[in-house]
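Q: Numbering (my numbering), first residue to last: 84 to 346. All residues carry an ideal CB built from backbone N, CA and C; glycine is no exception.
Printed below as a string of structure tokens:
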């Protein structure tokens with residue numbers, strides 16, 4: 084009875100946390116509606132939207148961090164849910180980054196020039212950010228096999244994550260696709276900064292850590308339901324962006340961009 088009471092005490096917090104995560108996932112859609120980009124064609128626009136969505140997803144991961152909430156939650160059930168969601172959403176965000184680059188390379192071979200050391204700074208920033216994301220995922224997945232100490236790995240994980248987000252912001256602004264004028268940086272701040280603000284608003288600072296009370300079971304479907312919901316919203320926002328651009332852009336403008344791709 085004591086265990087069930089403790090679990091129900093945090094159901095309200097879990098509901099607010101779920102709502103905050105799901106609410107943030109509409110950020111890419113809001114950016115598209117407020118600042119519609121210059122359209123090229125459906126698949127090019129889809130690749131660009133996938134890239135912006137991946138950036139928003141990577142910025143969301145600090146909010147979905149078991150380490151951040153550990154001092155507040157006395158039960159391990161919520162922490163295990165957060166840990167599972169963080170890991171699986173990181174895999175999906177990495178897949179979106181690779182899809183973004185892959186589609187652009189297939190559609191326009193000249194994009195490979197942006198992967199060379201002589202490329203423009205904002206393109207190199209995107210490349211380095213992608214390498215950092217791959218490093219973060221692999222080092223987390225194989226931390227024990229690589230024999231990294233947890234404390235050292237955790238420190239570098241945070242530093243590399245901040246570096247990746249900073250480089251992603253540089254890449255998004257420099258690419259000039261979604262954020263072409265100073266006023267549009269509001270959308271970028273939302274995309275990259277809202278998770279940190281939500282984290283600070285939701286988290287309380289206890290005077291001392293709680294003693295852990297392990298739950299009886301941890302139902303995996305709870306984390307998978309969140310991951311599926313977030314992933315579907317990410318995919319829907321990218322598809323909506325591509326469709327919106329194709330529907331509203333004149334054919335002449337799309338033909339002009341096809342000759343000189345709008346990167």
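#1: Quick check: the Cα distance between residue 258 and residue 206, rounded to an integer number of angstroms?
#2: Among the candidates 254, 189, 199, 128, whose CA atom is the shortest distance from the CA of residue 321?
#3: Compute the beta-carbon to beta-carbon distance between residue 171 and residue 310, rounded to the nearest angstrom, for a pair I have assumed lies under 8 Å.
#4: Count the other C-beta atoms from every protein chain shown that fall within 10 angstroms of the C-beta of residue 306, then say buried if there are 16 or more, exposed otherwise.
#5: Residue 325 and residue 125 - do their beta-carbons sit closer together than 8 Å?
#6: Let's test the definition: count the other Cβ atoms within 10 Å of the Cβ of residue 189 and tell me whether it reaches 16, buried, or not, exposed.
#7: Applying the criterion that 16 or more other CB atoms from any shown protein chain within 10 Å of the CB defines a buried residue, is residue 148 buried or exposed?
#8: Check for me: the alpha helix (DSSP H) holding residue 233 runs from which residue to which?
#9: Is it the case that the Cβ atoms of residue 130 and residue 187 are separated by a distance below 8 Å?
#10: Ordered along the chain, which non-local residues of its own chain (more than five positions away) have a Cβ less than 8 Å from that of residue 250?
#11: Using three-state DSSP, classify residue 171 as helix, strand or coil.
#12: Between residue 243 and the rest of its own chain, which residues show a CB-CB distance below 6 Å, the 5 nearest in sequence each way excluded?
#13: Specify, as a first and last residue, the run of the alpha helix (DSSP H) that residue 222 falls within.
#14: Check whether the Cβ atoms of residue 142 and residue 245 sit closer than 8 Å, and answer yes or no.
#15: Where residue 313 and residue 136 are concerned, what is the direct C-alpha to C-alpha distance, given to the nearest angstrom?
#16: Is residue 223 near residue 229, with beta carbons less than 8 Å apart?
#17: Find the nearest neighbour of residue 315 within the set 123, 140, 122, judged by alpha-carbon distance.
#18: Hey, residue 217 and residue 177: beta-carbon distance below 8 Å or not?
#19: Roughly how many angstroms lie between the CA atoms of residue 181 and residue 99, to the nearest whole one?
#20: I need the boundaries of the alpha helix (DSSP H) containing residue 147, first residue and last residue.
#21: According to the Cβ coordinates, are residue 144 and residue 173 closer than 8 Å?
A: So, from the data block:
#1: Here the question's residue 258 lines up with position 175 in the chain shown. Here the question's residue 206 lines up with position 123 in the chain shown. Each residue's alpha carbon lies about 7 Å from the other.
#2: Here residue 321 is taken as the residue at index 238 of the chain shown, counted from 1. Closest option to residue 321, Cα to Cα, is 128.
#3: Reading the chain shown from its first residue, position 88 is the one you call residue 171. Reading the chain shown from its first residue, position 227 is the one you call residue 310. That pair is a contact at about 5 Å.
#4: By one-based count along the chain shown, residue 306 stands at place 223. The residue is buried, with at least 16 neighbouring Cβ atoms inside 10 Å.
#5: On the chain shown, residue 125 is found 42 positions in, with the first residue counted as 1. On the chain shown, residue 325 is found 242 positions in, with the first residue counted as 1. Against a cut-off of 8 Å, the Cβ pair of residue 325 and residue 125 comes out as a contact.
#6: If you number the chain shown from 1, residue 189 lands on position 106. With fewer than 16 other Cβ atoms within 10 Å, it is exposed.
#7: Mapped onto the chain shown, residue 148 falls at position 65. Residue 148 should be labelled buried.
#8: Working through the chain shown from its first residue, we reach residue 233 at position 150. 233-258 is the extent of the alpha helix (DSSP H) around residue 233.
#9: By one-based count along the chain shown, residue 130 stands at place 47. By one-based count along the chain shown, residue 187 stands at place 104. Cβ distance < 8 Å, so residue 130 and residue 187 count as in contact.
#10: Position 167 of the chain shown holds residue 250. Cβ neighbours of residue 250 beyond the five flanking positions: 208, 209, 211, 212, 215.
#11: Position 88 of the chain shown, counted from the first residue, corresponds to residue 171. Looking at residue 171 - three-state DSSP - the assignment turns out to be helix.
#12: Counting from 1 along the chain shown, the entry for residue 243 is found at position 160. Once the five neighbours on either side are set aside, the close Cβ partners of residue 243 are 215, 219.
#13: Taking the chain shown and counting its residues from 1, one reaches residue 222 at position 139. Judged by DSSP secondary structure, residue 222 falls within the alpha helix (DSSP H) whose first and last residues are 204-224.
#14: Counting from 1 along the chain shown, the entry for residue 142 is found at position 59. Counting from 1 along the chain shown, the entry for residue 245 is found at position 162. No; because the gap between Cβ atoms is not below 8 Å, this pair is not in contact.
#15: Here residue 313 corresponds to residue number 230 of the chain shown, with the count starting at 1. Here residue 136 corresponds to residue number 53 of the chain shown, with the count starting at 1. For residue 313 and residue 136, the distance between alpha carbons rounds to 11 Å.
#16: As a working note, residue 223 is residue 140 in the chain shown. As a working note, residue 229 is residue 146 in the chain shown. Not in contact: residue 223 and residue 229 (Cβ atoms no closer than 8 Å).
#17: Here residue 315 refers to the residue found at position 232 of the chain shown. The candidate whose alpha carbon is nearest that of residue 315 is 140.
#18: Here residue 217 corresponds to residue number 134 of the chain shown, with the count starting at 1. Here residue 177 corresponds to residue number 94 of the chain shown, with the count starting at 1. Contact: yes.
#19: The sequence position of residue 181 within the chain shown is 98, counting from 1. The sequence position of residue 99 within the chain shown is 16, counting from 1. Their Cα atoms are separated by approximately 32 Å.
#20: Counted from its first residue, the chain shown places residue 147 at position 64. First-last for residue 147: undefined, no H or E at that position.
#21: If you number the chain shown from 1, residue 144 lands on position 61. If you number the chain shown from 1, residue 173 lands on position 90. Their beta carbons are under 8 Å apart, which means residue 144 touches residue 173 by this criterion.
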